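Numbering (UniProt numbering), first residue to last: 1 to 201.
Some notes on the structure that comes next.
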Amino acid sequence: MFSIYSSNGRTFHDTLEVLYKARSAVINDSASQQSTTRSPATDKINQNALDAYRELIHAQPKDELHHLYEVMSRAFTNLPADISAYSALLKIQQSPFNELPVVNTHNCIIGMISYASVFAQLTQTGEELGFLKITTAQQYLAGDVITAEPVTSIRRAAQVMHHYNLETLPVVDNYGATVGIVTCKSIVSAVSNDPPLSIWS
C-alpha cells in the first residue's frame, strides 16, 4: 500500500495501480522541535498484516514476498516543520541520506526536504542564502510525498521509485509517522548480499 502526504495530511492511500492513476490525474490537472530519531523497536510487523497484504495484492501462496521492513533504514532524523531551513540543511549534511522527512506537531510526515528542493526554490524566488536562517523547512518541501507501508513488497516499492524517479521512499505507519527510509542503494544492497534477497520471485 502507498500513501501521499502533504502539509494537509494524508491525501491518498491505496494500491500501486490506483497510485499510478491518481498521480496521472494530478499531472493532467496541473497541466490544463527538536529532531527525533526512530528506534528499531517502533515498528512491529505481525503475521495478520502480512497475510492481509498478500491478499490485497492477490499474491499466490507459492509467491515469495520480501517486504520493506526487511531492508529499510531505521537510523534517520525527522525534522520538525518549524526548524530553520539552514538547520535542516545541516541535518541533511550530517545524515547518510540526501533528503529527510519533515513532520508536523503530531509527528506525521508532511513532506521531504533536500538540498535540491531548497536551492530550486531559492533560484525561483531569487532569495539570498542568508534567507535560509529566517525561513522554515516547511517552506522548502519538494511537493507532496509518496510513502509506503512497512509490509509493502520490495518489488512494488522499487517499481514506484523507478516510475517516479524517487531516490528516497519514506516508510510510514498507519498514523503517518515515519518508521523507516528506503533508498535505491538499500534495495540494491539487499539483492546483492550472499545469499541474495530475491525480490522478483
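Glycine included, every Cβ here is placed at the ideal spot set by N, Cα and C.
A quick note: this is a predicted structure, and the numbers were derived from the prediction, not measured.
Judged by their CB atoms, I181 and V145 are not nearer to each other than the 9 Å cut-off.
Taking V171 as reference, the option from A85, P101, H163, D14 with the minimal CA-CA separation is P101.
A Cβ-Cβ separation of about 6 Å places A142 in contact with S114 under the 8 Å criterion.
Buried is the label assigned to G176, since at least 16 other Cβ atoms lie within 10 Å of its Cβ. Here V160 really is in contact with L169; their C-beta atoms are around 7 Å apart, less than 8 Å. If you ignore the 5 residues before and after S7, its C-beta comes within less than 6 Å of the C-beta of I110, all in its own chain and listed in chain order.
Each residue's CA atom was taken as its position, placing F76 and F97 some 8 Å apart. M112 is bridged by DSSP to P101. Distance from Y86 to P150 at the Cβ level is roughly 32 Å; contact not present, criterion being Cβ atoms closer than 8 Å.
CA-to-CA, the gap between Y164 and A158 works out to about 10 Å. The C-alpha of F12 lies about 8 Å from the C-alpha of A22. Distance from A81 to T136 at the Cβ level is roughly 6 Å; contact confirmed, criterion being Cβ atoms closer than 8 Å.
Contact annotation: E99 and S117 have beta-carbon atoms nearer than 9 Å. Closest by C-alpha distance to A120, out of R74, F131, Y140, V103, is Y140. Where L129 is concerned, there is no enclosing alpha helix (DSSP H), because DSSP gives it neither an H nor an E.
N48 counts as exposed, since fewer than 16 other beta carbons sit within 10 angstroms of its beta carbon. If the five residues before and after L16 are omitted, its C-beta is found closer than 7 Å to the C-beta atoms of F2, R156, Q159, V160, all from its own chain and listed in chain order.
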